[in-house]
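A.B. asks: Following this message is one structure expressed as structure tokens.
In my numbering, the protein residues as written are 244 to 674.
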């Protein structure tokens, strides 16, 4: 009787998708972000952290090779984490904390990428750095998971799924025209001051002028696909070339006069196209001096001095159109929740992040529209300059010693990621 009861209980547990080991407290370890092995620290060639060995050795080597290649060719720091369980933690919070803890991506371009697979919890997460959000949108990472990875994961072919995901990311970056962010160091220029000024003048006067003419021609002939684009170009050209016109009139007056003539011709064509209504196709669009078509969010952005809006209305069919432009120098940033440029810095603090001892600055923002709270942390360059100078001698000594040990043991020296950050962009999945 007891045997039959036990058999029935185990059958019910299996049907509910539970593991008997997990039910009776014998599950694999539950991980926190700080518990995940930071493999990059001990071996700079490693990007896959799989402490419970869900991925076979051959697939692990291939994954690390692909991620090294992605870093070398595109400058992207891409880490993959495979864990048994994260307990009751939200996978979104877990991945964001781990991303920030490791500092994935370059600290300036924030081109980091993280994929987490939690096997026993049957969850996955793509976490995308700020600098890649325009190339790897939430929709695109969600599509990669659904179409390229989920089926393989459901069959417990974890290594194949991850390799398929990496290939899909690379293909997506190719489609979007992503290029490696240039990271060059400042070098001393041995050219004397006046020689540099003379060379800069000729470059500005001849090559620069030719580029401006070409840029204007492209904008006029191929950039105006519709009347809305024409209205956008009016403001862009006016602000973009007014400063250049001033420079040319001072340093190269004949070329400046030619630029005035070309700019006038270009404006004439764009203004004519901008008057056409995209709804009734009549030349009856006019700018509204006191726009009444702005949303509450747009009105707030205007009051905060974060964005400038131009409103247009058709005299015949009353079609309305609003075009916005960021105001340079505004202290506000875009809110990740409502999308408005209404997030204000409310708190800024420094802290030291283990294990490197680098000083970071944590900035907290609050949206003045939806009141959403967000934060961003980056390395504080000013605070680290003094400590870097003090530790230079010790660093050189320890570096020499570690190199000696590394070469004598035939292994690889440790590394780290570049101090990047993520604002929570990405997508989650399950199976």
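Just so it is clear, CB atoms sit at the ideal spot from N, CA and C, and this is done for glycine as well.
So residue 670 packs on residue 374, CB below 8 Å; how close in whole Å?
C.D. replies: By one-based count along the chain shown, residue 670 stands at place 427. By one-based count along the chain shown, residue 374 stands at place 131. For a cut-off of 8 Å, the C-beta gap from residue 670 to residue 374 is around 17 Å, too long to register as a contact.
A.B. asks: Can you tell me the Cα-Cα spacing of residue 335 and residue 368, whole angstroms?
C.D. replies: Mapped onto the chain shown, residue 335 falls at position 92. Mapped onto the chain shown, residue 368 falls at position 125. Rounded to whole angstroms, residue 335 to residue 368 spans 7 Å at the Cα level.
A.B. asks: Pull the bridge partners of residue 569 from the DSSP assignment, please.
C.D. replies: As a first step, residue 569 must be located in the chain shown, where it is residue number 326. Answer by DSSP bridge pairing, in chain order: 550.
A.B. asks: State the start and end residues of the unbroken alpha helix (DSSP H) segment that holds residue 421.
C.D. replies: For the purposes of this step, residue 421 is taken as the residue at position 178 of the chain shown. Looking at the DSSP string, residue 421 is not in any alpha helix (DSSP H), and its letter there is neither H nor E.
A.B. asks: Would you call the CB atoms of residue 668 and residue 320 closer than 9 Å?
C.D. replies: Translated into the one-based positions of the chain shown, residue 668 becomes position 425. Translated into the one-based positions of the chain shown, residue 320 becomes position 77. No, the pair does not count as a contact, with Cβ atoms beyond the cut-off.
A.B. asks: Our contact map puts residue 402 next to residue 570 with C-beta atoms below 8 Å; I'd like the distance itself, whole angstroms only.
C.D. replies: Within the chain shown, residue 402 is the residue found at index 159, counting from 1. Within the chain shown, residue 570 is the residue found at index 327, counting from 1. Not confirmed; about 49 Å, so no contact.
A.B. asks: Between 557, 406 and 394, which lies nearest to residue 471 when the distance is taken from Cα to Cα?
C.D. replies: On the chain shown, position 228 is the one that residue 471 refers to. Checked all of 557, 406 and 394; the closest Cα to residue 471 is 557.
A.B. asks: When you compare the CB positions of residue 347 and residue 378, do they come within less than 9 Å of one another, or not?
C.D. replies: Mapped onto the chain shown, residue 347 falls at position 104. Mapped onto the chain shown, residue 378 falls at position 135. No, they are not a contact pair.
A.B. asks: Count the C-beta pairs between the region 385 to 399 and the region 283 to 296 that are closer than 8 Å, then say yes if the count reaches three, no if not.
C.D. replies: no
A.B. asks: Starting from residue 303, trace the alpha helix (DSSP H) both ways and give me its first and last residue.
C.D. replies: Residue numbering aside, residue 303 sits at position 60 when the chain shown is read from its first letter. Per DSSP, residue 303 belongs to the alpha helix (DSSP H) from 300 to 317.
A.B. asks: Where does residue 682 sit, in a helix, a strand or coil, going by DSSP?
C.D. replies: Here the chain comprises residues numbered 244 to 674, so residue 682 is not present and cannot be evaluated.
A.B. asks: What span of residues does the alpha helix (DSSP H) with residue 334 cover, start to end?
C.D. replies: Taking the first residue of the chain shown as position 1, residue 334 is located at position 91. Residue 334 -> alpha helix (DSSP H) spans 334 to 345.
A.B. asks: Quick one: give me the first and last residue of the alpha helix (DSSP H) that residue 283 is part of.
C.D. replies: Your numbering for residue 283 matches position 40 in the chain shown. Residue 283 -> alpha helix (DSSP H) spans 282 to 285.
A.B. asks: Check for me: the alpha helix (DSSP H) holding residue 355 runs from which residue to which?
C.D. replies: For this step, residue 355 is matched to residue 112 along the chain shown. Annotation: residue 355 is outside any alpha helix (DSSP H); the continuous beta strand (DSSP E) that includes it extends over 355 to 361.
A.B. asks: Out of 316, 536, 583 and 572, point me to the one whose CA is closest to residue 553's CA.
C.D. replies: Along the chain shown, one-based indexing puts residue 553 at 310. Out of 316, 536, 583 and 572, 536 has the C-alpha closest to the C-alpha of residue 553.
A.B. asks: Does the Cβ-Cβ distance between residue 358 and residue 405 come in under 9 Å?
C.D. replies: Start at 1 with the first residue of the chain shown, and residue 358 comes out as number 115. Start at 1 with the first residue of the chain shown, and residue 405 comes out as number 162. Contact flag set, yes.
A.B. asks: If you measure between the beta carbons of residue 611 and residue 542, is that distance less than 9 Å?
C.D. replies: What you label residue 611 is simply residue 368 of the chain shown in a count that begins at 1. What you label residue 542 is simply residue 299 of the chain shown in a count that begins at 1. Result no, Cβ atoms of residue 611 and residue 542 do not sit closer than 9 Å.
A.B. asks: Given that a residue counts as buried once 16 or more other Cβ atoms are within 10 Å of its Cβ, and exposed if not, what is residue 349?
C.D. replies: Position 106 of the chain shown, counted from the start, is the residue given in the question as residue 349. With 16 or more Cβ atoms within 10 Å of its Cβ, residue 349 is classed as buried.
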